[in-house]
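Heads up, the final residue of the sequence shown is numbered 134 in our numbering, and it's a clean run with no missing numbers.
Quick reminder that beta carbons are idealized off the backbone N, C-alpha and C, glycines included.
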Amino acid sequence: MLNTVYDAARNEIGEVNVNGNRTPYAPRHLLAAAIGYEHASGFDMRLGVEHISEQYTDGLNSKTPLPDGQSGEIDAQTIFNASANYRLKPQGMTLFLSAANLTDRTYIVSRVNGIHVNRPRQVIAGVRWDF
């Protein structure tokens, strides 16, 4: 299986002379793609990637951060995620493992009220029981 989503935004602001500037927190490009494998035995896995292009925190598209961290450019980010499942059909159970931010990279996600960073690598494992 393979699925992708892509969005190319053109954002404009009126009133202040910011002709050609982008709307705050609106990346120009968003990409989400995943590739997966399913086996008849009940095993499946998926690897995903998300890319968000650079963003600005104000209508002036300021690149240089202020000392309080509330404005400036937010760099582009690429995040890798993965998941795997194994279905035990007779028992109605599924074993699962998922991981987000596989590279454990830290990056800025917001500058509202100062700098906020993404979540660190997160791994979740468990059992789902359908009855």
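Residue of the options minimising C-alpha distance to residue i
{"i": "Gly45", "options": "Leu105, Asp107, Phe99 and Phe134", "result": "Phe99"}
{"i": "Asp29", "options": "Ser56, Gln94 and Asn22", "result": "Asp is not the amino acid found at residue 29; the sequence shown has Ala there. Taking only the C-alpha atoms, the option nearest Ala29 is Ser56."}
{"i": "Gln73", "options": "Ser65, Gln80 and Ala79", "result": "Ser65"}
{"i": "Gly117", "options": "Arg31, Leu33, Arg124 and Pro70", "result": "Pro70"}
{"i": "Leu91", "options": "Asn22, Ala43, Thr26 and Leu34", "result": "Ala43"}
{"i": "His54", "options": "His32, Arg114 and Asp133", "result": "His32"}
{"i": "Ala87", "options": "Gly129, Asn121, Arg122 and Val112", "result": "Gly129"}
{"i": "Pro93", "options": "Asn104, Thr109 and Asp133", "result": "Asp133"}
{"i": "Ala79", "options": "Asn24, Asn121, Ile127 and Val21", "result": "Asn121"}
{"i": "Val115", "options": "Thr97, Val126 and Gly75", "result": "Gly75"}
{"i": "Thr109", "options": "Gly23, Tyr89 and Gln125", "result": "Gln125"}
Where residue i falls: helix, strand or coil (DSSP)
{"i": "Gln58", "result": "strand"}
{"i": "Gln73", "result": "coil"}
{"i": "Asn121", "result": "coil"}
{"i": "Ala128", "result": "strand"}
Whole-number beta carbon distance between residue j and residue i, since they are thought to touch under 8 Å
{"i": "Thr67", "j": "Phe83", "result": "Actually they are not in contact, since the Cβ atoms of Thr67 and Phe83 sit about 30 Å apart, beyond 8 Å."}
{"i": "Leu1", "j": "Asn24", "result": "No statement about residue 1 is possible, as the shown extent of the chain runs from 4 to 134 and does not include it."}
Buried/exposed call for residue i, threshold 16 Cβ in 10 Å
{"i": "Arg131", "result": "exposed"}
{"i": "Pro27", "result": "buried"}
{"i": "Ile127", "result": "exposed"}
{"i": "Thr60", "result": "buried"}
{"i": "Arg13", "result": "For Arg13, the pLDDT reaches just 49, beneath the cut-off of 50, and the residue's location in the model is therefore unreliable, leaving the point undetermined."}
{"i": "Asn104", "result": "buried"}
Between the region 49-56 and the region 31-40, do three or more beta carbon pairs fall short of 8 Å? yes
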